[in-house]
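Some notes on the structure that comes next.
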Amino acid sequence: KKLKEELRDKILSEPVMLGVDELSCSGVKLRMLVKTAPLQQWAVKRELLLRVKSRFNQEKIDFAFTQHTLFIHKVEDKK
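Using this note's numbering, you'd call the opening residue of the sequence shown number -7 and step up by one each time.
Shown next as structure tokens:
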């Protein structure tokens, strides 16, 4: 709602939060419907994601990232 108030020229109607769409080991997928002015969807999406991430940081909500371990074994040339 706050985003709509601040971006009146870009967001045409009240956003609808559908809720949590998916839980995974690396995050939570939220689904939201936002009707924007033509060609403004990407700017609105970037601003919305920035605000969600900032709020997660404020609330100290972190997500684990997939970790890979690489072992390198040197094979000596036998001549």
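Ideal Cβ placement from N, Cα and C applies to all residues, glycine included.
Outcome for residue i when other beta-carbon atoms lying within 10 angstroms are tallied against a minimum of 16
i: I53; result: exposed
i: V26; result: buried
For residue j and residue i, the rounded distance between their alpha carbons
i: V20; j: I64; result: 34 angstroms
i: K2; j: E51; result: 28 angstroms
i: T28; j: T61; result: 43 angstroms
i: D13; j: K70; result: 56 angstroms
i: V67; j: M24; result: 53 angstroms
i: L4; j: R47; result: 24 angstroms
i: L10; j: K37; result: 16 angstroms
Which runs of the alpha helix (DSSP H) spanning at least 4 residues fall entirely within the segment -3 to 51, listed in chain order?
33 to 50
Mind the definition here: the segment 27 to 45 touches the segment -6 to 10 only if three or more C-beta pairs lie below 8 angstroms; say whether that holds.
yes
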